[in-house]
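Student: In my numbering, the protein residues as written are 164 to 545.
Quick look at the structure:
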């Protein structure tokens, strides 16, 4: 097959790195995968050239990159070729991109709960499949950095979000009725953190919100999702600041300033995706924060690929998918984060065994080679 891949803007190069990894995996299985930069000034010329260079089986982009929403003169309908979109966040954040006039559309989502909502409750006819995040395995014959040689105990790489307390305080700007709904939705989520968030929003916000109208759920989902992502990351990091934690990314000074105890963490500032990969290879425990409904994160599999322990907040998907012993999952309230970290930092043999189990699980099911095979099979079935 021949896929044309679209590159877009990428914070710190992380999505670019995923696209490049997928292109390599597609090529390894015998497919062609030229990449076109959709942000380049000569994008149209390069796309036209790529189309004339040979037959195209599908176009592919992450999170809506390359999407043509025109009803008249739609590029993909004119070419009679499918567009594959891989969304790295829950689809409600892109609700207006799900139903498009593209006749042959294939959507992958990293959020497993999307299947129940969009395909189950709404009955969207577009082929919609779950595709977990992935990473690239070490080349054959190359071993991870030996455990004893790793000089970073705990690593977290990512941007520090806004203070969740400030985000929640700003809900007053929406008026008392909306603020009340948001707080009630948050309480309902905290009471049942693994329940689908759209269901909670629809139930608590009725009749203003309804499952049948994704546009009614979107503003509440977007506001809660922003807050919950910030809260889980702040809680995760605040709980580890008095441990040997290395923080990569901008904005962590504000989190450190909010600590109510001693701080041992060191801040390295912003690094590129390649630099973060080098740090990950030297790390024992890679810290990841994720909302319970999001499912997976590339950071987990990048850690496993490098032979580190993936140390994460819990998600519903990990809870039912990950075998026991392949990663460390904290409770949804994150109250056990310090003790869980200590149990691994103070028992190197236990941590190393978990890292090895995680790497084996990852290499058996969650590499970009696996994802490329899934994509190829789905496109062939269209």
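We put the beta carbon where it would ideally sit given N, CA and C, even for glycine.
Keep in mind it's a predicted model, so treat the numbers as computed, not measured.
Are residue 403 and residue 428 closer than 9 Å when you measure CB to CB?
Tutor: Yes, the Cβ-Cβ distance between residue 403 and residue 428 is below 9 Å.
Student: Run the CB neighbour count on residue 478, radius 10 Å, all protein chains shown included, and call it buried at 16 or more, exposed below.
Tutor: Flag for residue 478 reads buried.
Student: Threshold first: 3 residues or longer. Then list the beta strand (DSSP E) segments lying entirely within the region 434 to 471, N to C.
Tutor: Here the runs fully enclosed are 446 to 451.
Student: For residue 315, which residues of its own chain have a beta-carbon under 6 Å away from its beta-carbon, when the five flanking residues on both sides are left out?
Tutor: For residue 315, where only same-chain residues beyond five positions count, the Cβ hits under 6 Å are 409, 445 and 446.
Student: If residue 272 sits next to residue 250, beta carbons under 8 Å apart, how far is it from one beta carbon to the other, in whole angstroms?
Tutor: Sure, about 5 Å apart at Cβ, within 8 Å.
Student: Enumerate in chain order the residues of its own chain whose CB-to-CB distance from residue 530 is below 7 Å, with the five nearest sequence positions on each side excluded.
Tutor: Closer than 7 Å at Cβ, skipping near neighbours: 297, 298, 299 and 300.
Student: Taking residue 549 and residue 308 to be in contact with their CB atoms under 8 Å, please state how far apart those CB atoms are, rounded to whole angstroms.
Tutor: This structure cannot speak to residue 549, because the chain is shown only from 164 to 545.
Student: Helix, strand or coil: which one does DSSP assign to residue 475?
Tutor: Strand, per DSSP.
Student: Are residue 276 and residue 462 closer than 9 Å when you measure CB to CB?
Tutor: It is not a contact, given that the beta carbons lie outside the stated cut-off.
Student: State the CB to CB distance for the pair residue 263 and residue 232, rounded to an integer number of angstroms; the pair is presumed to be in contact (CB under 8 Å).
Tutor: Correct: roughly 5 Å between the Cβ atoms.
Student: List the whole-angstrom C-beta distance separating residue 395 from residue 452, where the pair is believed to meet the contact cut-off of C-beta under 8 Å.
Tutor: Contact holds; Cβ gap of about 5 Å.
Student: Could you spell out where the beta strand (DSSP E) holding residue 406 opens and where it closes?
Tutor: Note, residue 406: premise wrong, no beta strand (DSSP E); not H, not E.
Student: Based on DSSP bridge pairs, tell me the residues matched to residue 378.
Tutor: Bridge partners of residue 378: none, in fact.
Student: Pick out whichever of 518, 223, 377 and 242 has its Cα sitting closest to the Cα of residue 467.
Tutor: Residue 518 is the option with its Cα nearest to residue 467.
Student: Are the Cβ atoms of residue 503 and residue 491 separated by less than 9 Å?
Tutor: For residue 503 and residue 491, yes; Cβs fall inside 9 Å.
Student: Within the chosen definition, does the region 236 to 248 reach the region 321 to 330 through at least 3 CB pairs nearer than 8 Å?
Tutor: Because the criterion of three Cβ pairs below 8 Å is not met, the region 236 to 248 and the region 321 to 330 do not touch.
Student: Tell me which same chain residues have a C-beta within less than 8 Å of the C-beta of residue 434, skipping the five on either side of it?
Tutor: 175, 320, 411, 412 and 442.
Student: Identify whether residue 272 lies in helix, strand or coil by the three-state DSSP scheme.
Tutor: Three-state DSSP puts residue 272 in a strand.
Student: What does residue 492 pair with, by DSSP beta-bridge criteria?
Tutor: In DSSP, residue 492 forms a bridge with 475.
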